[in-house]
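In our numbering, the protein residues as written are 230 to 692.
Heads up, the beta-carbon is just placed ideally off N, CA and C, and yes, glycines get one too.
All values derive from a computational prediction rather than experimental measurement.
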Ligand code: GBH
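Listed below in structure tokens is the structure:
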């Protein structure tokens with residue numbers, strides 16, 4: 230048995246728009262994802278999150294499933310437009326009541342609630358009235374919304390996550406246009422990223438000044454990153470891999486740990502990269518009590534030119550990914566998930582160790598890791614998901630190795646708790662430990678659910 234440290238947190242994660250449904254019920258206002266998912270052609274087969282997993286009405290059943298799974302924490306996000314239908318102003322008490330019930334029931338079941346304040350679902354009113362994440366004033370809207378969350382829920386919350394994967398909002402929302410609000414631009418991603426970093430800093434500032442001393446929780450941010458392994462041992466390829474990390478992870482992490490964007494980005498992007506004011510810089514520095522990481526895949530990184538998926542990468546961000554000047558490829562021997570993402574467990578170990586060394590040994594939580602596997606539209610196939618069990622076994626083994634090598638990894642949350650609305654893929658990609666029948670909302674635990682349950686209960690991996 231490979232045991233994990235005492236008090237290691239075992240959890241699973243979801244996001245509001247992906248599971249709640251009840252999109253127009255009980256006072257909820259629309260978000261940019263409601264608008265986006267209803268535009269024909271944006272989402273696979275015209276799926277939307279209108280109903281999703283209907284978690285809004287089935288949260289009791291879902292918490293019972295979490296309880297049986299044996300997790301000791303559960304990460305979910307708050308739908309901003311359920312609390313503030315217009316994004317600001319009047320509070321919708323029914324929305325507050327829903328999260329109060331959810332939080333209380335989790336605690337009653339000894340499951341620690343981990344709250345993500347923002348998982349991509351900006352209130353539509355803020356998009357229409359002020360151009361959403363493009364407006365520098367949005368940072369104050371985030372802080373005002375966060376204040377309401379802290380005031381209403383913070384007495385029972387020990388772990389807050391300000392933002393989930395701002396990289397996706399910037400590059401997929403404003404670069405490639407794959408995500409809401411569907412903008413395609415080569416410059417907007419840098420402005421959006423900048424405003425989101427400021428929003429993060431403002432939210433943390435509110436928490437620390439007004440709540441932390443009495444509520445005694447911690448607050449941080451979650452970023453996503455692949456591992457980028459140098460294609461060869463050459464100086465150039467090693468520099469290329471560092472650049473790829475800077476352009477995905479360092480972009481959002483360096484301002485928090487060092488007060489400015491990575492040097493590689495400043496060198497290559499020049500004046501398109503905004504500058505932080507002294508005040509913003511001061512708020513940003515040290516603004517994460519822990520390092521939240523979502524990890525899904527690994528690529529090979531090389532100094533261009535070479536063959537491979539440069540074109541695919543260039544499409545991400547409407548071309549701006551090209552600016553890092555890295556040629557990303559896949560090793561043909563790597564297996565892939567149903568998303569076409571490479572399964573490379575040691576990539577997570579390398580990334581955890583890199584983060585640990587680079588950012589001064591911070592407490593790290595893997596706040597998402599998981600896979601969609603082929604054929605899972607078929608329930609029989611999905612319930613016997615040996616591929617996913619293998620995936621988790623290997624990735625958790627990699628986490629264990631990272632801990633042995635000194636990374637301060639304190640928790641792991643699988644993505645996701647159940648099949649859900651997988652953004653532009655709708656219901657066609659299934660990441661869950663639980664299979665959801667979207668016709669009648671029945672839930673069926675997969676083999677991976679039972680396997681993961683054992684890991685949680687044993688606090689370790691059976692050999
Ligand atoms: C997460 O994002 C989300 O937080 C979650 O809501 C979502 O359901 C889950 O993942 C599954 O998709 O450049 O082609 O190698 C994932 C973010 C960012 C992961 C880009 C894969 C690299 C793809 N993704 N990343 S590629």
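Would residue 477 be called buried (16 or more neighbouring beta carbons within 10 Å of its own) or exposed? Position 248 of the chain shown holds residue 477. A buried status is given to residue 477, since no fewer than 16 other beta-carbon atoms sit within 10 Å of its beta-carbon.
Extent of the continuous alpha helix (DSSP H) to which residue 620 belongs: For the purposes of this step, residue 620 is identified with residue 391 of the chain shown, where counting begins at 1. For residue 620, the uninterrupted alpha helix (DSSP H) run begins and ends at 615-633, by DSSP.
If residue 454 and residue 522 are in contact, beta carbons under 8 Å, what's the gap, nearest whole angstrom? Taking the first residue of the chain shown as 1, we reach residue 454 at position 225. Taking the first residue of the chain shown as 1, we reach residue 522 at position 293. Beta-carbon to beta-carbon, residue 454 and residue 522 are separated by about 7 Å, close enough to satisfy the 8 Å threshold.
Pop quiz: residue 686 and residue 299 are said to be a contact at Cβ under 8 Å. What is the actual Cβ separation, rounded to whole angstroms? Along the chain shown, one-based indexing puts residue 686 at 457. Along the chain shown, one-based indexing puts residue 299 at 70. Rounded, the Cβ-Cβ distance is 5 Å, consistent with contact.
Helix or strand or just coil, what does DSSP make of residue 359? The residue you call residue 359 lines up with position 130 of the chain shown. Assigned with DSSP and collapsed to three states, residue 359 falls in helix.
Could you tell me the boundaries of the alpha helix (DSSP H) in which residue 594 lies? Residue 594 sits at position 365 when you count from the first residue of the chain shown. Careful: residue 594 lies outside any alpha helix (DSSP H), inside the beta strand (DSSP E) at 593-597.
Examine the ligand GBH and report whether any of its heavy atoms sits within less than 6 Å of the Cβ of residue 605. For the purposes of this step, residue 605 is taken as the residue at position 376 of the chain shown. A distance criterion of 6 Å places the beta-carbon of residue 605 beyond contact range of the ligand GBH, judged by its closest non-hydrogen atom.
Residue of 495, 516, 489, 515 minimising C-alpha distance to residue 505: If you number the chain shown from 1, residue 505 lands on position 276. When each option's Cα is compared against that of residue 505, the closest is 489.
Is the separation between the beta-carbon of residue 371 and that of residue 432 shorter than 7 Å? What you label residue 371 is simply residue 142 of the chain shown in a count that begins at 1. What you label residue 432 is simply residue 203 of the chain shown in a count that begins at 1. The beta carbons of residue 371 and residue 432 sit closer together than 7 Å.
With a cut-off of 8 Å on the beta carbons, I'd call residue 524 and residue 598 a contact; round off their distance for me. What you label residue 524 is simply residue 295 of the chain shown in a count that begins at 1. What you label residue 598 is simply residue 369 of the chain shown in a count that begins at 1. 5 Å between Cβ atoms; contact.
Taking residue 482 as the reference, give the member of 463, 423, 407, 496 with the closest Cα. What you label residue 482 is simply residue 253 of the chain shown in a count that begins at 1. Taking each of 463, 423, 407, 496 in turn and checking the Cα distance to residue 482, the smallest one comes out for 423.
What does residue 565 pair with, by DSSP beta-bridge criteria? Against the chain shown, residue 565 aligns to sequence position 336. 571, per the DSSP bridge assignment.
Any chance the segment 642-661 sits against the segment 274-281, with 3 or more Cβ pairs inside 8 Å? Counting C-beta pairs closer than 8 Å gives three or more between the segment 642-661 and the segment 274-281, which meets the contact rule.
With a floor of 3 residues, list each beta strand (DSSP E) that falls wholly inside the segment 328-383, ordered by position along the chain. Within the segment 328-383, the complete beta strand (DSSP E) runs of at least 3 residues are 341-347.
Have a look at residue 250 and residue 397 and give me their C-alpha separation to the nearest angstrom. By one-based count along the chain shown, residue 250 stands at place 21. By one-based count along the chain shown, residue 397 stands at place 168. Separation of residue 250 and residue 397 (C-alpha to C-alpha, rounded to the nearest whole angstrom) is 22 Å.
Just to confirm, are residue 200 and residue 636 a CB contact at a threshold of 7 Å? Residue coverage of the chain in this structure runs from 230 to 692, which leaves residue 200 outside it and unanswerable.
8 Å contact criterion, which residue 355 and residue 316 should meet: CB distance rounded: Within the chain shown, numbered from 1, the residue matching residue 355 stands at position 126. Within the chain shown, numbered from 1, the residue matching residue 316 stands at position 87. With 8 Å as the limit, residue 355 and residue 316 qualify as a contact, their Cβ atoms being about 4 Å apart.
Which residues in the same chain as residue 373 place their Cβ atom closer than 8 Å to its Cβ, once the five residues preceding and following it in sequence are excluded? Translated into the one-based positions of the chain shown, residue 373 becomes position 144. Answer for residue 373: 317, listed in chain order.
Threshold first: 3 residues or longer. Then list the beta strand (DSSP E) segments lying entirely within the segment 468-518, N to C. You should have found no qualifying run.
Using 6 Å as the cut-off, classify the Cβ of residue 409 as near or not near the heavy atoms of the ligand GBH, replying yes or no. Working through the chain shown from its first residue, we reach residue 409 at position 180. Incorrect: residue 409 has no Cβ contact closer than 6 Å to the ligand GBH.
Would you check whether the ligand GBH has a heavy atom nearer than 6 Å to the C-beta of residue 393? Here residue 393 refers to the residue found at position 164 of the chain shown. Answer for residue 393: yes, Cβ within range of the ligand GBH.
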